[in-house]
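In what follows, a single structure is set out as structure tokens and then discussed.
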Amino acid sequence: MTQSTGWQTPIERKRDWAREAEQVFWLGAAVLIAWVVGRVAWSVIGPVTAQVPAMALGITALAGSIPAGAQLSAADDHVTVVLADPTAGERLLAVLAVVPQPLVLATVLALLARWARSVRQGATFAASAASRLTRIGQVTVLAGIGAYFLETTAASMLRWDVLPNGVASSPSLASVLSSVGPALWWPTIGACLGLVGEIVRRGVALRDELEGVI
Numbered sequence: 209m210t211q212s213t214g215w216q217t218p219i220e221r222k223r224d225w226a227r228e229a230e231q232v233f234w235l236g237a238a239v240l241i242a243w244v245v246g247r248v249a250w251s252v253i254g255p256v257t258a259q260v261p262a263m264a265l266g267i268t269a270l271a272g273s274i275p276a277g278a279q280l281s282a283a284d285d286h287v288t289v290v291l292a293d294p295t296a297g298e299r300l301l302a303v304l305a306v307v308p309q310p311l312v313l314a315t316v317l318a319l320l321a322r323w324a325r326s327v328r329q330g331a332t333f334a335a336s337a338a339s340r341l342t343r344i345g346q347v348t349v350l351a352g353i354g355a356y357f358l359e360t361t362a363a364s365m366l367r368w369d370v371l372p373n374g375v376a377s378s379p380s381l382a383s384v385l386s387s388v389g390p391a392l393w394w395p396t397i398g399a400c401l402g403l404v405g406e407i408v409r410r411g412v413a414l415r416d417e418l419e420g421v422i
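Position 6 (the sequence shown) corresponds to 214 in the numbering used here; numbering is contiguous.
Following this line, the structure appears as structure tokens:
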């Protein structure tokens, strides 16, 4: 009579990649939302800063144009103007100059988290999953570029509001490229999402074709 030794083969549990992806997406969205809330709160109660492109040697010329009580600090080809007592309009512009893009990214991560949840529910190779991911990519491109231009416009308005007299200055090529660079990330992210959506769509078409043959 054979006796059982009590040892059992352990059952390996498959990693739920969709669940982990959903958690990561939600975590990223929560961190960004927390940052946005903190940034808005700081813009309401703290000082406002504006980046003014100018040569470091031009600080003397700038000093006669900034509002009373403002502070200057130079770094490379720009000057940071710190307003200790900004107006409500300047605070609003300071918020619009930094918040839109992180808010768009948080929204995209939330949409991807919901997409990952639908994948967990068995919609991995469903036509709806592919089209949904493609739409998220399109929203990412349009909303991201729109948010970039909103930030750029708000920053320019804040700069000219801080320096109403205007100061002639020419930003360096590196400064221009660094300001345009963030706008190029949004088409890249949207293209990647669209590519994954196209892969899923082709997988759906291949599965339907094989089912038709069988």
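For every residue, glycine included, the Cβ atom is placed at its ideal position computed from N, Cα and C.
Computed from a predicted structure; not experimentally measured.
DSSP state of residue i mapped onto helix, strand, coil
| i | result |
| --- | --- |
| GLN231 | helix |
| THR295 | coil |
| ALA305 | coil |
Residue i to residue j span [Cα, whole Å]
| i | j | result |
| --- | --- | --- |
| LEU300 | THR396 | 30 Å |
| PRO255 | GLU298 | 10 Å |
| LEU350 | LEU392 | 12 Å |
| GLU359 | LEU291 | 19 Å |
| ALA337 | PRO390 | 28 Å |
| ALA302 | GLU406 | 39 Å |
| CYS400 | LEU366 | 34 Å |
| THR348 | ALA321 | 14 Å |
| TRP250 | ASP293 | 13 Å |
| ARG409 | TRP394 | 22 Å |
| ILE253 | GLY236 | 26 Å |
| VAL239 | GLU417 | 43 Å |
| ALA363 | PRO310 | 15 Å |
| PRO308 | ALA355 | 5 Å |
| TRP243 | ALA318 | 15 Å |
| VAL245 | ASP369 | 24 Å |
| GLN346 | SER339 | 11 Å |
| VAL404 | PHE357 | 27 Å |
| ILE241 | LEU304 | 15 Å |
| THR361 | GLY398 | 23 Å |
| ALA413 | TRP225 | 23 Å |
Residue i: first and last residue of the uninterrupted alpha helix (DSSP H) it sits in
| i | result |
| --- | --- |
| PRO310 | 308-328 |
Whether residue i touches residue j by CB criterion (8 Å)
| i | j | result |
| --- | --- | --- |
| GLN259 | THR295 | no |
| ARG328 | GLU230 | yes |
| ILE344 | VAL316 | yes |
| ALA324 | PHE233 | yes |
| VAL306 | ARG247 | yes |
| THR342 | GLY411 | no |
heavy atom of the ligand HEM below 7 Å from residue i C-beta
| i | result |
| --- | --- |
| LEU403 | The ligand HEM is absent from the structure shown, which contains no ligands of any kind. |
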